Ligand SMILES: Cc1cc2nc3c(=O)[nH]c(=O)nc-3n(C[C@H](O)[C@H](O)[C@H](O)COP(=O)(O)OP(=O)(O)OC[C@H]3O[C@@H](n4cnc5c(N)ncnc54)[C@H](O)[C@@H]3O)c2cc1C
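Pasting the structure below:
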């Protein structure tokens with residue numbers, strides 16, 4: 001068996017693992033990232049796209065924001081459509097001057113990998129049989145295979161940034177963790193299309209046939225979603241049905257805004273809220289989707305992963321600068337406080353905008369009253385704007 005040594009061993013080259021590696025590199029702390037997939041796969045995964053101010057600032061600190069600064073779109077508002085009546089929410093005015101930045105997670109990943117590898121950071125793609133162990137001791141190890149070699153990566157700490165289905169969380173004895181979960185009774189059918197988006201800003205549409213989200217991947221593509229049943233398959237959704245449904249849920253007045261184009265990606269995403277407590281066991285620290293999931297309605301998954309990395313990178317830096325373990329010990333508590341507020345917001349947006357049940361007409365009326373109240377109350381809209389643009393770190 002080969003032996004390697006680093007200070008922080010990172011499992012997963014998603015936005016969480018890559019941003020952590022960049023920030024630690026900038027502080028002179030050594031890392032090795034072990035990633036199960038190949039580089040091409042990681043760089044082509046299409047996911048989130050709406051960034052809070054704190055996320056943009058963190059990518060700046062990670063020296064990976066050059067393309068973002070020149071190519072991203074600034075959005076100062078969103079639109080909410082209720083059965084075809086559209087209302088603009090002025091995020092900037094309601095949040096005291098804040099906005100969101102639209103820039104795809106795919107591009108963020110490409111930027112982080114490019115900068116990190118160019119500066120000499122180590123990412124081992126296609127690492128298989130990755131096993132974190134001995135993390136309850138002071139000498140944790142990550143065992144992995146690469147190009148047929150079995151290697152033991154010795155480190156001071158392990159960062160489990162390997163997403164919801166990764167190995168890190170499941171390596172911790174279940175008796176040491178608590179899980180909190182909600183599975184929603186609907187999913188999202190998402191498409192990426194070579195077509196101009198219907199609006200310059202995101203449209204969240206609540207319609208009696210179900211929710212739809214109209215968003216974009218600048219400069220020319222539309223990223224569009226439809227609420228669908230959990231057990232749906234892509235056979236139920238030929239292109240023509242998708243375009244008709246997108247028009248219908250935007251309402252008669254706005255249907256003409258939908259411009260069709262080639263659909264280049266189609267997929268179904270289940271909706272789930274999930275939190276693990278605590279996010280640390282011994283010298284193994286969980287961050288991002290490895291520790292928590294939100295339904296995508298509030299555009300928070302990627303932003304939460306990055307806020308975890310803000311806290312975790314500061315804690316590692318403080319340890320290596322001063323020897324203090326104070327921030328490492330409080331990492332889980334500090335991160336969870338922000339995570340639960342964001343879980344609440346994502347659950348609220350999801351429950352309010354989706355048609356939940358054919359049978360519970362009381363719940364559906366309450367949901368519509370909530371939307372009606374939101375659109376008629378500056379106080380309620382300000383709360384939405386404060387959360388949507390991102391709570392402070
Ligand atoms: C289909 C889909 C659509 C989404 N859309 C949105 C959206 O519109 N808006 C939004 O805010 N959020 C969205 N999200 C959520 C958002 O993309 C995630 O919150 C974000 O990717 C979390 O980053 P992460 O680095 O924690 O995890 P990930 O991005 O999941 O990265 C984890 C990495 O670990 C690797 N890995 C896994 N297991 C192992 C292992 N055993 N060994 C080594 N490596 C491993 C994976 O290959 C991956 O590269 C979406 C998620 C999915 C799945």
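Numbering (the working numbering), first residue to last: 1 to 393.
All C-beta atoms in this analysis are idealised placements derived from N, C-alpha and C, irrespective of residue type, glycine included.
Predicted model only: the values in this text are computed from it and were never measured.
### Query
beta strand (DSSP E) containing residue 188: first to last residue?
178-194
### Task
Say yes only if the C-beta of residue 4 is nearer than 7 Å to one or more non-hydrogen atoms of ligand 1, and no if none qualify.
no
### Query
If we count the other Cβ atoms within 10 Å of its Cβ and call it buried at 16 or more, is residue 369 buried or exposed?
exposed
### Query
Touch check for the stretch 321-336 and the stretch 66-77: three-plus C-beta pairs under 8 Å?
no
### Message
Would you call the stretch 258-273 in contact with the stretch 301-317, where contact means no fewer than 3 C-beta pairs closer than 8 Å?
### Response
no
### Message
Can you tell me whether residue 296 is buried or exposed? The criterion is at least 16 other CB atoms within 10 Å of its CB, across all chains shown.
### Response
buried
#### Entry: For residue 354, the nearest candidate out of 16, 80, 55 and 25 (CA to CA)
80
### Query
How many whole angstroms separate the CB atoms of residue 288 and residue 16, which I take to be in contact at a CB cut-off of 8 Å?
3 Å
### Message
DSSP three-state label for residue 272, please.
### Response
strand
### Helix, strand or coil at residue 345 according to DSSP, with G and I counted as helix
helix
### Message
What I want to know is whether the C-beta of residue 121 ends up closer than 7 Å to one or more non-hydrogen atoms of ligand 3.
### Response
Although ligand 3 was asked about, the structure shown includes only ligand 1 as ligands.
#### Entry: Whole-Å CB distance - residue 153 paired with residue 142, under 8 Å assumed
Yes, they are in contact, since the Cβ atoms of residue 153 and residue 142 sit about 4 Å apart, within 8 Å.
### Task
Give a single yes or no on whether residue 162 has its beta carbon closer than 7 Å to a heavy atom of ligand 1.
yes
### Rounded C-alpha distance that separates residue 367 from residue 350
10 Å
### Message
So, with DSSP's three-state summary, where would you put residue 307?
### Response
Helix.
### Query
Between residue 37 and ligand 1, is the CB less than 7 Å from at least one heavy atom?
True, at least one ligand heavy atom lies under 7 Å from that Cβ.
### Message
Buried or exposed, going by whether 16 or more other CB atoms sit within 10 Å of the CB of residue 205?
### Response
buried
### Task
Have a look at residue 84 and residue 247 and give me their C-alpha separation to the nearest angstrom.
10 Å
### Query
Taking residue 24 as the reference, which of 364, 381, 313 and 384 has the closest Cα?
313
### Query
Taking just the CA atoms, how far does residue 139 sit from residue 123?
Residue 123 and residue 139: Cα-Cα distance of roughly 21 Å.
### Task
Report yes if the CB atom of residue 345 is closer than 8 Å to the CB atom of residue 390, and no otherwise.
no
### Task
Go ahead and label residue 207 buried or exposed: buried means 16 or more other beta carbons lie within 10 angstroms of its beta carbon, across all protein chains shown.
Buried.
### Task
In angstroms with no decimal places, state the Cα-to-Cα distance between residue 234 and residue 212.
17 Å
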